[in-house]
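Asker:
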Amino acid sequence: MLDLLKRGTEESFGLIERELRCGLWSWNLRTNEMHWSRGYYDLLGIEPGRVTPSFAAILQVTHPDDRSAQAEVERVIQKASTIRRKFRVIRPGGSIAWIYCQLIVFVDSEGAAEKAIGVCTDITAREDQLNRLRIADERYRALIKAAGAVVWIAKLDGRIHELVNCDHGSQLVASESGWLQLVHPDDQEKMLRVCAAASREKRGYDVVHRFLQADGTFRWMRSTGQPMLDDAGNIKEWLGISVDLDRNTARSGAHRITGAQIRAARGLLRWSVLDLAQAAGSTRATIRRLEELDGAPSHNDPALPLIEAALARAGVEFLFPEAGKPGVRPR
Numbered sequence: 005m006l007d008l009l010k011r012g013t014e015e016s017f018g019l020i021e022r023e024l025r026c027g028l029w030s031w032n033l034r035t036n037e038m039h040w041s042r043g044y045y046d047l048l049g050i051e052p053g054r055v056t057p058s059f060a061a062i063l064q065v066t067h068p069d070d071r072s073a074q075a076e077v078e079r080v081i082q083k084a085s086t087i088r089r090k091f092r093v094i095r096p097g098g099s100i101a102w103i104y105c106q107l108i109v110f111v112d113s114e115g116a117a118e119k120a121i122g123v124c125t126d127i128t129a130r131e132d133q134l135n136r137l138r139i140a141d142e143r144y145r146a147l148i149k150a151a152g153a154v155v156w157i158a159k160l161d162g163r164i165h166e167l168v169n170c171d172h173g174s175q176l177v178a179s180e181s182g183w184l185q186l187v188h189p190d191d192q193e194k195m196l197r198v199c200a201a202a203s204r205e206k207r208g209y210d211v212v213h214r215f216l217q218a219d220g221t222f223r224w225m226r227s228t229g230q231p232m233l234d235d236a237g238n239i240k241e242w243l244g245i246s247v248d249l250d251r252n253t254a255r256s257g258a259h260r261i262t263g264a265q266i267r268a269a270r271g272l273l274r275w276s277v278l279d280l281a282q283a284a285g286s287t288r289a290t291i292r293r294l295e296e297l298d299g300a301p302s303h304n305d306p307a308l309p310l311i312e313a314a315l316a317r318a319g320v321e322f323l324f325p326e327a328g329k330p331g332v333r334p335r
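Just add 4 to wherever you are in the sequence shown, counting from 1, and you've got this note's numbering.
(1) If you pair each beta-carbon of the segment 302-322 with each one of the segment 262-274, do three or more pairs fall below 8 Å?
(2) Give the secondary structure of Asp69 by DSSP, where H, G and I count as helix, E and B as strand, and everything else as coil.
(3) So, with DSSP's three-state summary, where would you put Pro170?
(4) Does any residue of chain C have a CB that is nearer than 7 Å to the CB of Asp248?
(5) Are Gly49 and Arg95 close, meaning C-beta to C-beta below 7 Å?
(6) Below 8 Å on the Cβ atoms is my contact criterion, and I expect Lys206 with Pro231 to pass it. Report the Cβ-Cβ distance as a whole number of Å.
(7) Going by DSSP, what residue range makes up the alpha helix (DSSP H) through Gln282?
(8) Would you call the segment 146-160 and the segment 45-62 touching, i.e. three or more CB-CB distances under 8 Å?
(9) Considering only C-alpha positions, which residue in the set Thr290, Pro57, Thr86, Gly27 is nearest to Val123?
(10) Kindly provide the ranges of any alpha helix (DSSP H) runs that are 4 or more residues long and lie completely inside the segment 57-123, ordered along the chain.
(11) Using 7 Å as the threshold, is the C-beta distance between Asp70 and Arg42 below it?
(12) Which first and last residues belong to the beta strand (DSSP E) in which Pro334 is found?
(13) Bridge partners for Gly27 per DSSP, in chain order?
(14) Taking Leu297 as the reference, which of Leu249, Ile261, Asp191 has the closest Cα?
(15) What's the C-alpha gap between Val332 and Ala236?
(16) Excluding the 5 residues preceding and the 5 following Tyr104 in the sequence, name in chain order all residues of the same chain whose CB lies nearer than 6 Å to its CB.
(17) Give a yes or no on whether the C-beta atoms belonging to Leu216 and Leu186 are separated by under 7 Å.
(18) Around the Cβ of Thr221, are there at least 16 other Cβ atoms within 10 angstroms (buried) or fewer (exposed)?
(19) Does Ala300 come out as helix, strand or coil in the three-state DSSP assignment?
(20) Check whether the Cβ atoms of Asp191 and His165 lie closer than 7 Å to each other.
(21) Considering only the alpha carbon of each residue, which of Arg130, Lys240, Arg54, Met225 lies closest to Cys170?
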């Protein structure tokens with residue numbers, strides 16, 4: 005009867021080990037004798053009876069990069085009551101498994117370590133998932149950096165609590181209104197108005213503004229924010245991205261302005277052809293001739309620098325992106 009009960013207990017224990025992908029071992033620190041459960045043999049990928057249970061046998065299947073840390077267990081175990089380790093093992097066929105092991109050390113009446121028990125679990129699936137997440141995060145951050153963008157997460161009240169690729173990251177996270185102080189003074193009112201309307205209507209927003217850089221200069225940014233809603237439809241946080249519009253953009257001087265840019269600049273300023281001719285010290289005929297061209301003149305027209313300077317003084321900025329058409333915007 006006792007044999008049947010013992011056999012049933014062992015079968016139940018073995019079933020639990022298989023289902024939980026775990027195993028146990030015990031280690032007599034005085035005699036150096038070890039015992040492994042069937043589940044622990046399976047974790048190591050070793051058939052029962054193939055080797056004598058020992059710490060050396062564990063090291064034999066441990067990944068080379070983890071052996072030095074594992075070898076320290078023999079030394080640390082004499083001083084610690086509980087030890088936690090994770091390590092890789094190489095199973096037959098070359099597959100690699102991650103094992104998490106918690107060691108509990110028992111001492112005698114004099115405080116000397118005499119026995120250790122290890123409770124071990126296969127955490128390969130978790131480690132593989134974490135590794136995929138790490139790779140995805142690294143790629144995500146590299147992509148954001150390559151795009152010259154800043155990704156941010158803000159609380160309901162607008163305070164930034166997470167940033168990626170920002171020189172002022174710690175300042176923005178620590179300050180309740182730090183992000184606003186880094187926006188150009190002339191753009192702050194517009195930013196507040198746009199953000200308030202988006203928050204009130206629970207919708208996204210898109211705004212162009214100037215943002216302070218580490219060197220004290222301002223660069224044009226395009227910030228797009230999107231509210232994250234809870235199940236009740238209330239905003240719980242904001243997710244956004246700010247793209248550097250000045251990145252990979254050559255300024256005037258490296259390129260000749262185009263007729264399309266001159267027309268667009270006049271439209272921004274609400275200038276007539278006569279207004280521009282007077283501001284540039286040119287003639288209406290010259291302005292009209294240049295505006296008939298969508299592109300730049302094939303030769304260096306002496307009127308172009310005068311027209312460009314007049315428009316720039318009035319607050320127009322000319323842009324020449326590496327990809328896309330030349331453009332203009334308010335300075």
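Each residue gets a CB set at the ideal place from its N, CA and C atoms; glycine is no exception.
From a predicted model like this one, the values you see are computed outputs, not experimental measurements.
Answerer: On the basis of the coordinates in this document:
(1) yes
(2) Residue mapping note: residue 69 aligns to position 65 of the sequence shown, counting from 1. Correct three-state label for Asp69: helix.
(3) Translated into the one-based positions of the sequence shown, residue 170 becomes position 166. A quick correction: the sequence has Cys, not Pro, at residue 170. Cys170 falls in the coil class under three-state DSSP.
(4) Note that chain C does not occur in the displayed structure, where there is just one protein chain.
(5) Looking up residue 49 in the sequence shown gives position 45. Looking up residue 95 in the sequence shown gives position 91. Contact flag set, yes.
(6) Within the sequence shown, numbered from 1, the residue matching residue 206 stands at position 202. Within the sequence shown, numbered from 1, the residue matching residue 231 stands at position 227. Right, their Cβ atoms sit about 6 Å apart.
(7) Your numbering for residue 282 matches position 278 in the sequence shown. 277-284 is the span of the alpha helix (DSSP H), which, as asked, contains Gln282.
(8) no
(9) Counting from 1 along the sequence shown, the entry for residue 123 is found at position 119. For Val123, the nearest C-alpha among the options comes from Gly27.
(10) 59-65, 71-75, 77-80
(11) Here the question's residue 70 lines up with position 66 in the sequence shown. Here the question's residue 42 lines up with position 38 in the sequence shown. No; because the gap between Cβ atoms is not below 7 Å, this pair is not in contact.
(12) The residue labelled residue 334 in the question sits at position 330 within the sequence shown. That run of the beta strand (DSSP E) goes 331-334.
(13) Residue numbering aside, residue 27 sits at position 23 when the sequence shown is read from its first letter. For Gly27, which the question treats as bridged, DSSP gives the partners Cys124.
(14) Within the sequence shown, the letter at position 293 stands for residue 297. Leu297 has its Cα closest to that of Ile261, out of Leu249, Ile261, Asp191.
(15) Start at 1 with the first residue of the sequence shown, and residue 332 comes out as number 328. Start at 1 with the first residue of the sequence shown, and residue 236 comes out as number 232. Cα to Cα, the separation comes out at about 43 Å.
(16) Taking the sequence shown and counting its residues from 1, the one referred to as residue 104 is at position 100. So the qualifying residues of the chain are Lys90, Thr125, Ile127.
(17) As a first step, residue 216 is located in the sequence shown; it is residue number 212 there, counting from the start. As a first step, residue 186 is located in the sequence shown; it is residue number 182 there, counting from the start. It is a contact, given that the beta carbons lie within the stated cut-off.
(18) Translated into positions along the sequence shown, residue 221 becomes position 217. Exposed, since its Cβ has fewer than 16 Cβ neighbours within 10 Å.
(19) Along the sequence shown, one-based indexing puts residue 300 at 296. Coil at Ala300, not helix or strand.
(20) As a working mapping, residue 191 is identified with position 187 in the sequence shown. As a working mapping, residue 165 is identified with position 161 in the sequence shown. Not closer than 7 Å, so no.
(21) Numbered from 1 along the sequence shown, position 166 holds the residue referred to as residue 170. Of the listed residues, the one whose Cα sits closest to Cys170 is Met225.
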